[in-house]
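S.K.: Residue numbers (my numbering), protein chains in the order written: chain Y, 1 to 166; chain E, 1 to 166.
There are 2 protein chains.
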Amino acid sequence: MRDNDIRAGEKAIDWPDATDAGLIFIGRIRTPWTSRLDCPRQGQPDGPLCRIDIFEPWHEALQGIEGFARIEVLYWLHLSRRDLILQSPRKDGTTRGAFALRSPLRPNPIGTSLVTLAGVEDGALLVRGLDCFDGTPLIDIKPDRCPFTPLALQVPGDAEASEKDR
Amino acid sequence: MRDNDIRAGEKAIDWPDATDAGLIFIGRIRTPWTSRLDCPRQGQPDGPLCRIDIFEPWHEALQGIEGFARIEVLYWLHLSRRDLILQSPRKDGTTRGAFALRSPLRPNPIGTSLVTLAGVEDGALLVRGLDCFDGTPLIDIKPDRCPFTPLALQVPGDAEASEKDR
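1. Using the DSSP secondary-structure output, state which residues sit across from Y:K11 in a beta bridge.
2. For Y:E60, which residues in chain E fall below 8 angstroms Cβ to Cβ?
3. Report yes if the CB atom of Y:G93 is closer than 8 angstroms to the CB atom of Y:G9, and no otherwise.
4. Check whether the region 64 to 78 of chain E and the region 41 to 55 of chain Y are in contact - that is, three or more C-beta pairs closer than 8 angstroms.
5. If you follow the beta strand (DSSP E) that E:E72 is part of, which residue opens it and which one closes it?
6. Tell me which residue opens and which closes the beta strand (DSSP E) that E:G119 is part of.
7. Nearest-angstrom Cα distance between E:C39 and Y:F99?
8. Just list the residues that DSSP pairs Y:C50 with in beta bridges.
9. Let me make sure I understand the geometry here. Which of Y:R81, Y:R106, Y:L23 has the alpha-carbon closest to that of E:W15?
10. Y:K142: buried (16+ other C-beta within 10 angstroms of its C-beta) or exposed?
11. Given this structure, state the Cα-to-Cα distance separating E:A152 from Y:P89, to the nearest angstrom.
12. E:L126 to Y:I85, Cα distance in whole Å?
13. Hey, how far is the Cα of E:D53 from the Cα of E:L117?
14. What residues in the region 110 to 124 of chain E have a beta carbon less than 9 angstroms from any beta carbon of chain Y?
15. So, is E:C146 buried or exposed, given that buried needs 16 or more other C-beta atoms within 10 angstroms?
16. State buried or exposed for Y:A18, treating a residue as buried only when at least 16 other CB atoms are found within 10 Å of its CB.
17. For my contact list, E:H59 and E:T136 are in at a C-beta cut-off of 8 angstroms; report their separation, rounded to the angstrom.
18. Please state if the CB of E:P57 and the CB of E:D32 are separated by a distance shorter than 8 angstroms.
19. Output, in chain order, the set of chain Y residues within a Cβ distance shorter than 8 angstroms of E:P137.
20. Whole angstroms are fine: how far does the CA of E:S80 sit from the CA of E:D131?
21. Chain Y partners of E:I65, CB-CB under 9 angstroms?
22. Using a Cβ-Cβ cut-off of 8 angstroms, state whether E:D140 counts as contacting chain Y.
23. Could you tell me the distance, in whole angstroms, from the CA atom of E:S113 to the CA atom of E:G97?
24. Taking buried to mean at least 16 other C-beta atoms within 10 Å of its own C-beta, is Y:R36 buried or exposed?
25. Counting along the chain, where does the beta strand (DSSP E) carrying E:I139 start and finish?
26. Would you check if the distance between the CB atom of Y:L105 and the CB atom of Y:I26 is smaller than 8 angstroms?
27. Using DSSP with H/G/I as helix, E/B as strand and the rest coil, what is Y:G64?
28. Provide the residue(s) that pair with E:A21 in DSSP beta bridges, ordered along the chain.
29. For E:A124, collect the residues of the same chain with a Cβ closer than 8 angstroms to its Cβ; drop the 5 residues on either side in sequence, then sort them by chain order.
30. Compute the distance between the beta-carbons of Y:P109 and Y:R128, then report whether it is under 8 angstroms.
31. Check whether chain E comes within 8 angstroms of Y:P169, counting only Cβ atoms and requiring the distance to be less than that.
32. Give the C-beta separation of E:W76 and Y:A61 to the nearest angstrom, bearing in mind that I take them to be a contact with Cβ-Cβ under 8 angstroms.
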């Protein structure tokens, strides 16, 4: 099956001629995977070491990243079509909506992975837990969420967020 | 302090005149928060009920979402400046890189939250666990990662991802 074929039950929309915000690629991800046949569907904490190269002028924005064991990585799934709202990943005609799948085919094809930080070099990170193709454009890096030791001071909304319905 | 002031130790870059990919807003998030003073820094599972309105033509892409207890939400932090590579969130002059913070100020200002799904309506989701302003543009919804019961069939890369360095 070719990449752009549509399987039984799948549905594509006419892609709207609009762009609401612009992304800038801040780096590039190096992984062992170059085809759909070998790329894992979801990264694993003990997966192979991958390298995230950060472009300038963003090297300085890594300052302090070495203090985190787990980071979140956002990347642009540059080979994915964006118009398939119903998909049949099992090829059996059973369809699900794009938002009920972690498929790379989405209106805004952004992948997110939680990875373990294995090393920091000048302008690069070494991590485990990715699941994207070699050469995937990087769009963001953040520390993983930290429910118990927030670095920032409390604001009124922090307490408010614990209340039930309002 | 005004929003666009730079604190001691912070550093802005000259914003590059480039756009590498275009996002489309697929919905809008309704929350109780309308200012920085009351918006929580991080969503909490028992936070207030928030509503995610999906635009057409993406209503059908929600099909099957009701089967998930936790979903991941990606949104565009539309009020955030993008050029601050060093930031001083504590206002004390101690700086960290943008990628070592979950600050909304980032080169590509995309927020991610893991939320609990409290209800599904026609073209809308009710969730708890968000931390963004009322009116924030939506860019993606995915089921939360599911390490034990992947819906998709295994591919060779799934096993490969468990091996150590290659």
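C-beta: ideal position from N, C-alpha, C; glycine also. As the structure is a prediction and not an experimental result, all values here were calculated from the model.
M.R.: Once the coordinates are examined:
1. In the first sequence, counting from the first residue as 1, residue 11 of chain Y sits at position 11. In DSSP, Y:K11 forms a bridge with Y:L86.
2. Residue 60 of chain Y sits at position 60 when you count from the first residue of the first sequence. K11, I85, L86, G97, listed in chain order.
3. Walking along the first sequence from the start, residue 93 of chain Y turns up at place 93. Walking along the first sequence from the start, residue 9 of chain Y turns up at place 9. Against a cut-off of 8 angstroms, the Cβ pair of Y:G9 and Y:G93 comes out as a contact.
4. At 8 angstroms Cβ cutoff, the stretches do not touch.
5. Translated into the one-based positions of the second sequence, residue 72 of chain E becomes position 72. Looking at the DSSP string, the run of the beta strand (DSSP E) that includes E:E72 is 70 to 76.
6. Here the question's residue 119 of chain E lines up with position 119 in the second sequence. DSSP places E:G119 inside the beta strand (DSSP E), whose first and last residues are 110 to 121.
7. On the second sequence, residue 39 of chain E is found 39 positions in, with the first residue counted as 1. On the first sequence, residue 99 of chain Y is found 99 positions in, with the first residue counted as 1. Near 26 angstroms, if we compare the C-alpha coordinates of Y:F99 and E:C39.
8. The residue given as residue 50 of chain Y occupies position 50 in the first sequence. Y:V127.
9. Counting from 1 along the second sequence, the entry for residue 15 of chain E is found at position 15. E:W15 has its Cα closest to that of Y:L23, out of Y:R81, Y:R106, Y:L23.
10. Here residue 142 of chain Y refers to the residue found at position 142 of the first sequence. That one is buried.
11. Looking up residue 152 of chain E in the second sequence gives position 152. Looking up residue 89 of chain Y in the first sequence gives position 89. With a pLDDT of only 49 at E:A152, under 50, the local geometry of the prediction cannot be trusted, and the value read off the model is given with reservation. Near 7 angstroms, if we compare the C-alpha coordinates of Y:P89 and E:A152.
12. The residue labelled residue 126 of chain E in the question sits at position 126 within the second sequence. The residue labelled residue 85 of chain Y in the question sits at position 85 within the first sequence. Each residue's alpha carbon lies about 21 angstroms from the other.
13. If you number the second sequence from 1, residue 53 of chain E lands on position 53. If you number the second sequence from 1, residue 117 of chain E lands on position 117. Taking the Cα positions, E:D53 is about 14 angstroms away from E:L117.
14. Answer in chain order: I110, T112, S113, L114.
15. Locating residue 146 of chain E in the second sequence gives position 146, where the first residue counts as 1. So E:C146 counts as exposed.
16. Here the question's residue 18 of chain Y lines up with position 18 in the first sequence. So Y:A18 counts as exposed.
17. Residue numbering aside, residue 59 of chain E sits at position 59 when the second sequence is read from its first letter. Residue numbering aside, residue 136 of chain E sits at position 136 when the second sequence is read from its first letter. Actually they are not in contact, since the Cβ atoms of E:H59 and E:T136 sit about 19 angstroms apart, beyond 8 angstroms.
18. As a first step, residue 32 of chain E is located in the second sequence; it is residue number 32 there, counting from the start. As a first step, residue 57 of chain E is located in the second sequence; it is residue number 57 there, counting from the start. It should be pointed out that residue 32 of chain E corresponds to Pro in this sequence rather than to Asp. It is not a contact, given that the beta carbons lie outside the stated cut-off.
19. For the purposes of this step, residue 137 of chain E is taken as residue 137 along the second sequence, with counting starting at 1. For the C-beta of E:P137, the chain Y residues within less than 8 angstroms are, from N- to C-terminus, D20, A21.
20. Indexing the second sequence from 1 puts residue 131 of chain E at position 131. Indexing the second sequence from 1 puts residue 80 of chain E at position 80. Going from the Cα of E:D131 to the Cα of E:S80 covers about 14 angstroms.
21. Translated into positions along the second sequence, residue 65 of chain E becomes position 65. Correct list: R96, G97, F99, A100.
22. The sequence position of residue 140 of chain E within the second sequence is 140, counting from 1. With 8 angstroms as the cut-off, E:D140 counts as an interface residue toward chain Y.
23. Along the second sequence, read from residue 1 onward, the residue named residue 113 of chain E stands at position 113. Along the second sequence, read from residue 1 onward, the residue named residue 97 of chain E stands at position 97. Cα atoms of E:S113 and E:G97: separation of roughly 21 angstroms, rounded to the nearest angstrom.
24. Taking the first sequence and counting its residues from 1, the one referred to as residue 36 of chain Y is at position 36. Exposed: under 16 other Cβ atoms inside 10 Å.
25. For this step, residue 139 of chain E is matched to residue 139 along the second sequence. Per DSSP, E:I139 belongs to the beta strand (DSSP E) from 136 to 143.
26. Here the question's residue 105 of chain Y lines up with position 105 in the first sequence. Here the question's residue 26 of chain Y lines up with position 26 in the first sequence. The answer is no: Cβ separation not under 8 angstroms.
27. For the purposes of this step, residue 64 of chain Y is taken as the residue at position 64 of the first sequence. It is coil, neither helix nor strand.
28. The residue given as residue 21 of chain E occupies position 21 in the second sequence. BP columns for E:A21 point to Y:L23.
29. Within the second sequence, numbered from 1, the residue matching residue 124 of chain E stands at position 124. Closer than 8 angstroms at the Cβ level, and outside the excluded window around E:A124, lie R51, I52, D53, I54.
30. Counted from its first residue, the first sequence places residue 109 of chain Y at position 109. Counted from its first residue, the first sequence places residue 128 of chain Y at position 128. No. Outside cutoff.
31. With chain Y covering only 1 through 166, there is no way to say anything about residue 169 of chain Y.
32. Locating residue 76 of chain E in the second sequence gives position 76, where the first residue counts as 1. Locating residue 61 of chain Y in the first sequence gives position 61, where the first residue counts as 1. That belief does not hold up - the Cβ atoms of E:W76 and Y:A61 are roughly 19 angstroms apart, past 8 angstroms.
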